[in-house]
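Per our numbering, residue 186 is the first one in the sequence shown, and the count goes up by one each step.
Backbone N, C-alpha and C define an ideal beta-carbon position, used for all residues, glycine too.
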Amino acid sequence: MSAAGIYVHIPFCRSKCRYCDFVSVCADEEKQRRYVSALIAEINTGRKIYDGEADTLYIGGGTPSCLFEGALKSVSDAVKSVFGDTFAEFTVECNPDSFDENKVEELKSAGVTRVSLGVQSFDDGVLEAIGRRHDSYSAEKALLLAVKSGFDVSADLMLGLPGQTEKDVHDFVGFVSDAGVEHVSAYMLKVEDGTPLASDVKKGLVSPLSDDDCARFYDCAAEALYTCGYNRYETSNFCRNGKRCKHNMKYWTMCDYLGFGPSAHGKIGRYRYFNGDDVDKYVRDVLSGVHGYETEEIMSKDEELDEYIMLGLRLEDGVDVERIEKEFSFDFAEKYGDALEKAKNYVIFDGKRLKIRPEYALVAGAVINMFV
186 MSAAGIYVHI PFCRSKCRYC DFVSVCADEE KQRRYVSALI AEINTGRKIY DGEADTLYIG
246 GGTPSCLFEG ALKSVSDAVK SVFGDTFAEF TVECNPDSFD ENKVEELKSA GVTRVSLGVQ
306 SFDDGVLEAI GRRHDSYSAE KALLLAVKSG FDVSADLMLG LPGQTEKDVH DFVGFVSDAG
366 VEHVSAYMLK VEDGTPLASD VKKGLVSPLS DDDCARFYDC AAEALYTCGY NRYETSNFCR
426 NGKRCKHNMK YWTMCDYLGF GPSAHGKIGR YRYFNGDDVD KYVRDVLSGV HGYETEEIMS
486 KDEELDEYIM LGLRLEDGVD VERIEKEFSF DFAEKYGDAL EKAKNYVIFD GKRLKIRPEY
546 ALVAGAVINM FV
């Protein structure tokens, strides 16, 4: 059995971006401290559901770097006290406006090895339009500092933003490549219901991109990244020199993982659990000792198989067919013969692995639906 990954959710931001529907709120230090106390209390119960080894830790949000000084170390110390401190990778998500020399020292003291910076764009007009707190200068400064400080660095690039141009995409890739950033996550903008951006769309102030425009931006980013030596290893993730995100690979290859904090979830074998989204209720329940998962379930074998195929087809490596045949005891080509015939122009199948052809990565969802 492979070691598990651990995800810890920090639901705080200094302000909410116009496109964001993640579980995040603004909070003063007193509320943050109370939350961290609850989080540590939940982490301390972790052995009740998982007694194996863990080798990756990912603290995401929200904006973990906006927490009060010392909070991240307190949280990571709690994780290490329960699951040991031999993590092959320890990632913290940061925003450029809350990443400086003091934050570097704090992250180093906590044992962080990898920093994921939410840059999104280097166009100041685009950044202002989506409600980001930083500008291009502070983003560039943060990236250079992160690389100089010895972290493995990932930069987020959002595609299809209001006012964005292909030049912005090329400028982004060129800068991060020259800066020594080895990992880029390139996501298409999603207009989520209930966000200010969705309201702007309804009012006609912003026009969402057509499918053709989405494909154009994605292809532009992918081509620029390939030119600079990055390889795509998952639909939205590119890296150089083998710097894949070890923690996220656990999700995509159906390994075990634990999640702590509101909206976090975990998977141990076929058992899955989900925490609720209400931050205040989460804190009250955990500190009162009556915390329970909002949802628990045992996946059926068919559900597990579908999820394995769905996630595996997002990977450039594709689905390990031999593993499936061993774990589920059937002949893959026989069971999925109709789907393989239907998808033959979109996939590569050699009997050992099933992969989506690189040129169809952006429409992976449609191909996946042929198999699940």
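query, result
"Inspect the beta-carbon positions of M555 and L496 and report whether they are closer than 9 Å.", "no"
"Identify whether H368 lies in helix, strand or coil by the three-state DSSP scheme.", "strand"
"Would you decide whether Y192 is buried or exposed? Buried here means 16 or more other CB atoms lie within 10 Å of its CB.", "buried"
"Taking E512 as part of the alpha helix (DSSP H), name the residues at either end of that continuous run.", "506 to 513"
"Beta-carbon within less than 8 Å of N433's beta-carbon, same chain only, minus the 5 sequence neighbours each way: which residues are those?", "Y243, E419, N422"
"Please report the straight-line C-alpha distance between P447 and D535, rounded to a whole angstrom.", "42 Å"
"State the Cα-Cα distance for the pair Y521 and I494, rounded to the nearest angstrom.", "11 Å"
"At what residues does the beta strand (DSSP E) containing E274 begin and finish?", "274 to 279"
"When burial is assigned at 16 or more other CB atoms within 10 Å of the CB, is E274 buried or exposed?", "buried"
"For a cutoff of 9 Å on Cβ pairs, would you count F197 as touching chain B?", "Included in the structure is just one protein chain, with no chain B present."
"Give, in chain order, every unbroken run of the alpha helix (DSSP H) that is at least 4 residues long and sits entirely within the region 418 to 463.", "431 to 437"
"Between Y458 and the ligand NAD, is the CB less than 8 Å from at least one heavy atom?", "Ligands in the displayed structure: none, and consequently the ligand NAD is not present."
"Return the chain-ordered ranges of every alpha helix (DSSP H) run that is complete within the region 280 to 343 and spans a minimum of 4 residues.", "286 to 295, 309 to 314, 321 to 333"
"Which same chain residues, not among the five before or five after H319, have their C-beta less than 6 Å away from its C-beta?", "P281, D282"
"Along the chain, where does the alpha helix (DSSP H) containing V557 start, and where does it finish?", "Neither: V557 is in no alpha helix (DSSP H) and is coded neither H nor E."
"Nearest-angstrom Cα distance between V354 and S321?", "13 Å"
"Which residue or residues does DSSP assign as beta-bridge partners of E254?", "Paired residues: none, contrary to the question."
"Rounded to the nearest angstrom, what separates I228 and Y442 at their Cα positions?", "13 Å"
"Would you tell me roughly how many angstroms separate the C-alpha atoms of C430 and S339, rounded to the nearest one?", "9 Å"
"Can F284 and L330 be called in contact, C-beta distance under 9 Å?", "yes"
"Would D337 and S370 qualify as a contact pair, given that the criterion is a beta-carbon distance under 9 Å?", "no"
"Go ahead and pull the three-state DSSP assignment for R542.", "coil"
"Are there 16 or more other CB atoms within 10 angstroms of the CB of A406, so buried, or fewer, so exposed?", "buried"
"Can you give me the Cβ contacts of G245 inside the same chain, cut-off strictly under 6 Å, excluding the 5 residues immediately before and after it?", "E278"
"Does the distance from the CB of V548 to the CB of K540 come in under 9 Å?", "no"
"Span of the beta strand (DSSP E) holding D240?", "239 to 246"
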